[in-house]
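Trainee: One structure follows; several queries about it will come next.
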Amino acid sequence: LAKTEEVWLVPQIYENDVAGLFYTSGTTGIPKGVTLTNRNIVANALQGLASHFATQTVTYLHSIPMFHISAGVSTWMAFWLGGTHVVQKQFDPKSTFELIKHERVTQVTWVPTMITMLLSDPGVAEADFSSLERINYGASPISPTHLREAIEVFDCDFLQAYGTTEAAPLLTVLTPDDHRQAISGGAKEARRLLSCGREILGVSVRVVDPRGAEVGPEEVGEVIVRGANLMSGYWEKPDETKMVFRDGWYYSGDMGKFDEDGYLYLVDRKRDMIISGGENIYSIEVENALSSHPAVLECAVVGVPDEYWGEAVKAFVVLVPGKSVTMDDLIYHCRTVIAGYKCPRFLDFVEDLPKSGAGKVLKRELRDRHWQNRKRKVN
16 LAKTEEVWLV
26 PQIYENDVAG
36 LFYTSGTTGI
46 PKGVTLTNRN
56 IVANALQGLA
66 SHFATQTVTY
76 LHSIPMFHIS
86 AGVSTWMAFW
96 LGGTHVVQKQ
106 FDPKSTFELI
116 KHERVTQVTW
126 VPTMITMLLS
136 DPGVAEADFS
146 SLERINYGAS
156 PISPTHLREA
166 IEVFDCDFLQ
176 AYGTTEAAPL
186 LTVLTPDDHR
196 QAISGGAKEA
206 RRLLSCGREI
216 LGVSVRVVDP
226 RGAEVGPEEV
236 GEVIVRGANL
246 MSGYWEKPDE
256 TKMVFRDGWY
266 YSGDMGKFDE
276 DGYLYLVDRK
286 RDMIISGGEN
296 IYSIEVENAL
306 SSHPAVLECA
316 VVGVPDEYWG
326 EAVKAFVVLV
336 PGKSVTMDDL
346 IYHCRTVIAG
356 YKCPRFLDFV
366 EDLPKSGAGK
376 VLKRELRDRH
386 WQNRKRKVN
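Each residue of the sequence shown is one higher than the one before, starting from 16 at the first, in our numbering.
Here you go:
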């Protein structure tokens, strides 16, 4: 603001002015600065409000770090609703339970890691969740086993959001109605717990092959998107910006497929796909198999070099406190859920997994230690 002769002059703000610079999580590579404009941010907040996020009143608990774009869009939507903001200094189960109870929190967004931490904490049995109306979750996959347990424990609506920093960030939602139908319906509906829902209002989502041609239902391809919420580009990285935009579509690097009803299923990041013996293995499928074992708190799966197979599947597993399981038992369990060639050939039990500030597992840190001193990170 500039003061001239006792008159305050407010600078004109335009929709294409840069509103914020948000950095990608860097789970597969070096973080990049995403340039979001006023138009991008306002558009996505409105798209979110129109896509099952809006409620009459909201007391919103901010557990996600405020620098993360998912916390940003939640903030803008809650302000738009005239809601109350409860900011958590640092996430941990004890303070989370206390804040929900004493502030009468109605809505919160957590990443799956947070949900599993809460479910495994002894205090969850005595916690008061009576004020909770909805839990939003996303940012990384959650196993259907943990999700069903969470729905039973928290006893409120659940909404899954899929997005990317480059989209400010929302792209698809699996609504509370979808969750209820999945729990009470048949096999077709139950499968949708593995999906990330359908595109939100004002956003177009497609799945395409390497030539850019749209693929059919149940065929895997790259997820591409278009909408007013898409970034203007990567900060000072014009070449990388050109690489991800083609004919107005943003190429996300996520591999996925649609079912016949338009529900999107993510199968992996392009860089996370493992090619072993000529077969494509999607790490998310292996992680879901591991996570369905009751002793597994969280896990991550990467490809490591193998002289015979090219790449081999390796899992890093964090166990639920107080529970134990052997490597052989876990691999046997996986064989009851997925094909044998997809099961881990190597498995390390670890105390925790490397994560970004937003709670995403940094698979590149797990992978890179096995590919050091190699000219390429694929065999």
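We treat Cβ as the ideally placed atom computed from N, Cα and C, and that holds for glycine. Please read all numbers here as calculations on a predicted model, not as lab measurements.
(1) Under a three-way DSSP split, which group does V101 fall into?
(2) Using the Cα positions of L147 and T121, report the straight-line distance between them to the nearest angstrom.
(3) What does DSSP give as the partner residues of G248 in its beta bridges?
(4) F173 and P191 - do their beta-carbons sit closer together than 8 angstroms?
(5) Roughly how many angstroms lie between the CA atoms of M132 and D383, to the nearest whole one?
(6) Mind the definition here: the segment 208-227 touches the segment 263-279 only if three or more C-beta pairs lie below 8 angstroms; say whether that holds.
(7) Since E233 and V223 should fall inside the 8 angstroms C-beta cutoff, what is the C-beta to C-beta distance between them, to a whole number of angstroms?
(8) One question on the structure: do Y266 and I239 come within less than 8 angstroms of each other, judged by their Cβ atoms?
(9) With A330 as the anchor, note down where its alpha helix (DSSP H) starts and where it stops.
(10) Can the beta-carbon of A373 be found less than 8 angstroms from the beta-carbon of P80?
(11) Taking M270 as part of the beta strand (DSSP E), name the residues at either end of that continuous run.
(12) With distances taken from CA atoms, which of G325, N244, R206 and P320 is nearest D274?
(13) Using the Cβ count rule (16 or more neighbours within 10 Å means buried), how would you classify V376?
(14) If you draw a straight line from the C-alpha of G178 to the C-alpha of R360, how long is it?
(15) Taking all protein chains shown into account, do 16 or more other C-beta atoms lie within 10 angstroms of the C-beta of D193, making it buried, or fewer, making it exposed?
(16) Go to H348, then tell me how far its alpha helix (DSSP H) extends in each direction, as first and last residue.
(17) Applying the 10 Å Cβ sphere with the 16-neighbour rule, what's the burial state of P127?
(18) I'd like the list of long-range same chain contacts for T52, defined as Cβ closer than 7 angstroms, with 5 residues on each side in sequence excluded.
(19) Exposed or buried, what is K252 when buried is set at 16 or more other beta-carbons lying within 10 Å of its beta-carbon?
(20) Below 8 angstroms on the Cβ atoms is my contact criterion, and I expect G48 with V73 to pass it. Report the Cβ-Cβ distance as a whole number of Å.
(21) So what's K285 in DSSP terms, helix, strand or just coil?
(22) Expressed to the nearest angstrom, what Euclidean distance is found between the alpha-carbon atoms of P159 and L134?
(23) Restricting to Cα atoms, I'd like to know which of D343, S110, G242 and P26 is closest to A183.
(24) Do you know how far the Cα of Y152 is from the Cα of V112?
(25) For I215, tell me which candidate among A176, V230 and S199 has the shortest Cα-Cα distance.
(26) How would you label M270, buried or exposed, when you count the other beta carbons within 10 angstroms and need 16 or more for buried?
(27) According to DSSP, which residues form a beta bridge with L362?
(28) Pick helix, strand or coil for G318, following the three-state DSSP scheme.
(29) Which residues does DSSP pair with T187 in a beta bridge?
(30) In three-state terms, what does DSSP make of Q62?
(31) Give the straight-line distance between the Cα atoms of S110 and Q103, rounded to the nearest whole angstrom.
(32) Could you give the distance in angstroms between the alpha-carbon of G201 and the alpha-carbon of I45?
(33) Find out if the Cβ-Cβ distance for the pair V57, H77 is shorter than 8 angstroms.
(34) Is it the case that the Cβ atoms of L345 and V332 are separated by a distance below 8 angstroms?
(35) Using DSSP with H/G/I as helix, E/B as strand and the rest coil, what is K390?
(36) Go ahead and pull the three-state DSSP assignment for G303.
Mentor: Once the coordinates are examined:
(1) Three-state result, V101: strand.
(2) Spanning the two alpha carbons is a distance of roughly 4 angstroms.
(3) Looking at the DSSP output, G248 shares a beta bridge with T50.
(4) Yes, Cβ-Cβ distance for P191 and F173 is below 8 angstroms.
(5) C-alpha of M132 to C-alpha of D383: approximately 27 angstroms in a straight line.
(6) By the C-beta criterion, the segment 208-227 is judged to be in contact with the segment 263-279, since at least 3 inter-stretch pairs fall below 8 angstroms.
(7) That belief does not hold up - the Cβ atoms of E233 and V223 are roughly 15 angstroms apart, past 8 angstroms.
(8) Between Y266 and I239, the gap from beta carbon to beta carbon is short of 8 angstroms.
(9) Taken as a continuous stretch (DSSP letters only), A330 belongs to no alpha helix (DSSP H), being part of the beta strand (DSSP E) at G325 to L334.
(10) Yes, Cβ-Cβ distance for A373 and P80 is below 8 angstroms.
(11) Annotation: the continuous beta strand (DSSP E) that includes M270 extends over W264 to F273.
(12) Ranking the options by Cα distance to D274, first place goes to R206.
(13) The residue is buried, with at least 16 neighbouring Cβ atoms inside 10 Å.
(14) It is roughly 32 angstroms from the alpha-carbon of G178 to the alpha-carbon of R360.
(15) D193 comes out buried.
(16) Element bounds for H348: M342 to R350.
(17) Buried: at least 16 other Cβ atoms inside 10 Å.
(18) So the list reads E30, N31, D32, V33, A34 and S247, once near-sequence residues are dropped.
(19) Its Cβ having fewer than 16 others within 10 Å, K252 is exposed.
(20) Rounded, the Cβ-Cβ distance is 30 angstroms, inconsistent with contact.
(21) In the structure shown, K285 sits in a helix (DSSP, three-state: H, G or I).
(22) Their Cα atoms are separated by approximately 14 angstroms.
(23) When only C-alpha atoms are compared, the closest one is G242.
(24) Note that residue 112 corresponds to Phe in the displayed sequence, not to Val. The C-alpha of Y152 is placed about 17 angstroms away from the C-alpha of F112.
(25) Residue A176 is the option with its Cα nearest to I215.
(26) The residue in question, M270, is buried, as its Cβ has 16 or more Cβ neighbours within 10 Å.
(27) Beta-bridge pairing by DSSP links L362 to A330.
(28) If DSSP states are grouped into helix, strand and coil, G318 belongs with the strands.
(29) According to DSSP, which records beta bridges pairwise, T187 is partnered with Y177 and E214.
(30) Helix at Q62.
(31) Distance from the CA of S110 to the CA of Q103, rounded to the nearest whole angstrom, comes to 8 angstroms.
(32) Answer to the nearest angstrom: the Cα atoms are 42 angstroms apart.
(33) No, the Cβ-Cβ distance between V57 and H77 is not below 8 angstroms.
(34) Yes. Within cutoff.
(35) For K390, the pLDDT reaches just 44, beneath the cut-off of 50, and the residue's location in the model is therefore unreliable, although a value from the coordinates is still provided. When secondary structure is reduced to three states using DSSP, K390 falls in the coil class, being assigned neither helix nor strand.
(36) Contrary to the premise, residue 303 reads as Asn rather than Gly in this sequence. Of the three classes helix, strand and coil, the one that applies to N303 here is helix, per DSSP.
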